[in-house]
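In full-length UniProt numbering, the protein residues as written are 1 to 321.
Note that the Cβ used here is the ideal one computed from N, Cα and C, for glycine as well.
Have a look at the structure below before the remarks.
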């Protein structure tokens, strides 16, 4: 099979389409013939050498993919060759085939293309696992930073389906407007400044999903309500910052940090099962995949450049012929 393998340089053109051995199917695995693979910021970090794949995962990136089951292991039930499927992967999605533990497979929802399915798996798993970690409840207010991104667009829709009030931030009035069109009750242009005061004027946030990291830490604490929970799920603007513990104590607030890829298989499988039960019945009628652009697998570098431009709304997806 062919895979988009990262060269040593790490720049956005540093992919080569190379022949690699076909994946072997273990007893608990399914081998999927890939037709589409989502592109995530974690892939960019891996390309730069900052987020190495876990032991046993392929060397090339790709945390989610969709296609057709080609082979199943002897212990696998509920799946057979020919089934349309998508999967949460520890890596290896930038290829023509991938082997994955069958507990990480999801059916492609009816009325959804493989490209759309590949755009939603990782984001839905990230959102559901972090809302659960924060104990998010109907009637509470969720603040989503990066509302125009892959995780952000999914978070707006999933939180609204849970009965939450959603505030989203995005760069630019037009992008904020598109967040509102997805269902955000309030969409704020963070480039205009003053988002903290706007959130506080709206009563503050019970839960914050933050992809920004260090640069927003102090402002996020200010934006929390008493008893609020700040969940840091990305470090786009730094990993180190000072924290006013007094402010955290005064608000009786909770600071959480989570990852998805590094969790044990059983935890990832439980998250996938939760997404299948809660989110998949809502796709695409209530939770709609948002795909900004597609690129052929051979142009994975161009897909990374697009994502790094900051102009993507939703997800970028690779297509595999």
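Spatial distance of residue i from residue j (CA atoms)
i           : j           : result
residue 100 : residue 245 : 42 Å
residue 336 : residue 270 : With the chain covering 1 to 321 only, the question about residue 336 has no answer from this structure.
residue 169 : residue 29  : 40 Å
residue 113 : residue 36  : 9 Å
residue 19  : residue 25  : 18 Å
residue 214 : residue 58  : 31 Å
residue 8   : residue 298 : 17 Å
residue 78  : residue 33  : 17 Å
residue 151 : residue 126 : 7 Å
residue 73  : residue 296 : 30 Å
Cβ pair residue i, residue j closer than 8 Å
i           : j           : result
residue 310 : residue 14  : no
residue 116 : residue 38  : no
residue 247 : residue 283 : no
residue 3   : residue 65  : no
residue 242 : residue 128 : no
residue 234 : residue 212 : yes
residue 96  : residue 31  : no
residue 94  : residue 52  : no
residue 272 : residue 106 : yes
residue 172 : residue 185 : no
residue 158 : residue 205 : no
residue 262 : residue 55  : no
residue 275 : residue 124 : yes
residue 256 : residue 133 : yes
residue 202 : residue 155 : no
residue 315 : residue 287 : no
residue 98  : residue 83  : no
residue 163 : residue 138 : yes
residue 44  : residue 292 : no
Cβ distance (whole Å) where residue i is taken to contact residue j below 8 Å
i           : j           : result
residue 332 : residue 252 : What is shown of the chain runs 1 to 321, which leaves residue 332 out entirely.
residue 313 : residue 191 : At roughly 15 Å, the Cβ-Cβ gap does not stay under 8 Å, so residue 313 and residue 191 are not in contact.
residue 88  : residue 268 : 6 Å
residue 280 : residue 27  : Contact flag wrong, Cβ pair sits at about 26 Å.
residue 140 : residue 196 : That pair is no contact at about 19 Å.
DSSP state of residue i mapped onto helix, strand, coil
i           : result
residue 296 : strand
residue 7   : coil
residue 383 : The first residue shown for the chain is 1 and the last is 321, placing residue 383 beyond what the model contains.
residue 160 : helix
residue 36  : strand
residue 56  : coil
residue 30  : strand
residue 302 : helix
residue 107 : strand
residue 119 : helix
residue 348 : Nothing can be reported for residue 348, as the shown portion of the chain is limited to 1 through 321.
residue 16  : strand
residue 228 : strand
residue 50  : coil
Unbroken alpha helix (DSSP H) run spanning residue i, endpoints
i           : result
residue 44  : 41-47
residue 77  : Counting along the chain, residue 77 falls outside any alpha helix (DSSP H), and DSSP gives it neither H nor E.
residue 65  : First-last for residue 65: 64-72, but that is the beta strand (DSSP E), not the alpha helix (DSSP H).
residue 201 : 195-201
The beta strand (DSSP E) enclosing residue i, as first and last residue numbers
i           : result
residue 167 : 165-170
residue 182 : Segment 173-182 is the alpha helix (DSSP H) holding residue 182; no beta strand (DSSP E) there.
residue 210 : 205-210
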